[in-house]
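Participant: Please read through the structure below; I'll follow up with questions.
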Amino acid sequence: MNNQGESSVTNSLLFAALTVCAAVPASAANLLNNGSFETPDIVGTNIYHLYNPGSTEITGWTVLGGQVHNTPDTYLGLKASDGRQWIDLTGITGYNKGLRSDAVDTAIGKVYTLSFDVGNYLPFGFSTLGMSINGGNEQTFTNLSLASTATSPMNWAHFSLDWLADASTAQFSFLGRANGALSNDLGIGLDNVYFAEKQTTSGTIPEPQTTALMAAGLIGIAALLPRRQHLQS
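Here the sequence shown stands for residues -17 to 215, where the numbers follow this note's numbering.
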């Protein structure tokens, strides 16, 4: 993973560190609508669907910068990381295109976890996307795995970070980025976007004061490490 703009990280992005998935129990509901892009359902069409800038046809999301396409797993066996559909941020080809989520309510001072998967379509190489919260500083995330799977030419890497809410709402933007030689312009996958109030393994919410102390030791970590997912049929 290539994490740029280290010096621009504010207290809103407290932990540029690996967060363990077990830290957010399955019972914590996703605050984002349609985080796995299953609506509209296009599986039966066996082909990707293109959406123009400004479109809100993908429930819970607005298209930014240029065309993107929703891709069903029935198209060329390109498996999603969660569910049966995923977003290609390149559209047909290109960079600087993507999605912005609808705003969700947050409580200032509470800690939330954001996670998402970045997909490589293996013939095309690595993929990089940029993510920002409420239009703030962007961080980039790269899937550096070219490992193949037996069931799909897609390869997914999972990323997770914590956010100390400094606003009463949150919107997330994801854009495909060139990132030098570390990204292709033909297939940058996004799937399984999840956002919820952070919970510990015991199910309790950490106090902001405790979180701030933890952040003091973590804020200097230079890179997020992806947990790669190899999909099964």
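Glycine residues also receive a C-beta, built at the ideal position from the N, C-alpha and C atoms.
#1: How big is the Cα-Cα spacing for residue 103 and residue 32?
#2: Should residue 128 go down as buried or exposed, given a rule of 16 or more other Cβ atoms within 10 Å for buried?
#3: Consult DSSP for residue 60 and reduce its assignment to one of helix, strand or coil.
#4: Counting only the same chain and skipping the five closest in sequence on each side, list residues whose C-beta sits under 7 Å from that of residue 57.
#5: For residue 44, which three-state DSSP category applies?
#6: Would you tell me roughly how many angstroms separate the C-alpha atoms of residue 43 and residue 82, rounded to the nearest one?
#7: From the DSSP output, in three-state form, read off residue 54 for me.
#8: Check whether the Cβ atoms of residue 130 and residue 61 sit closer than 8 Å, and answer yes or no.
#9: Whole-angstrom Cβ separation of residue 136 and residue 123, contact assumed at under 8 Å?
#10: Considering only residues of the same chain and omitting the five flanking positions on each side of residue 248, which have a CB-CB separation below 6 Å?
#11: For residue 23, count neighbouring C-beta atoms within 10 Å of its own C-beta (all shown protein chains included) and say buried if the count is 16 or more, exposed if not.
#12: Which residues does DSSP pair with residue 165 in a beta bridge?
#13: Among the candidates 143, 52, 48, whose CA atom is the shortest distance from the CA of residue 255?
Facilitator: Walking through what the data contain:
#1: 17 Å
#2: exposed
#3: coil
#4: 28, 29, 30
#5: strand
#6: 6 Å
#7: strand
#8: no
#9: Contact flag wrong, Cβ pair sits at about 16 Å.
#10: Past the edges of the chain, shown from -17 to 215, lies residue 248, and the structure says nothing about it.
#11: exposed
#12: For residue 165, which the question treats as bridged, DSSP gives no partner whatsoever.
#13: Lying outside -17 to 215, the shown extent of the chain, residue 255 is not represented and no answer is given.
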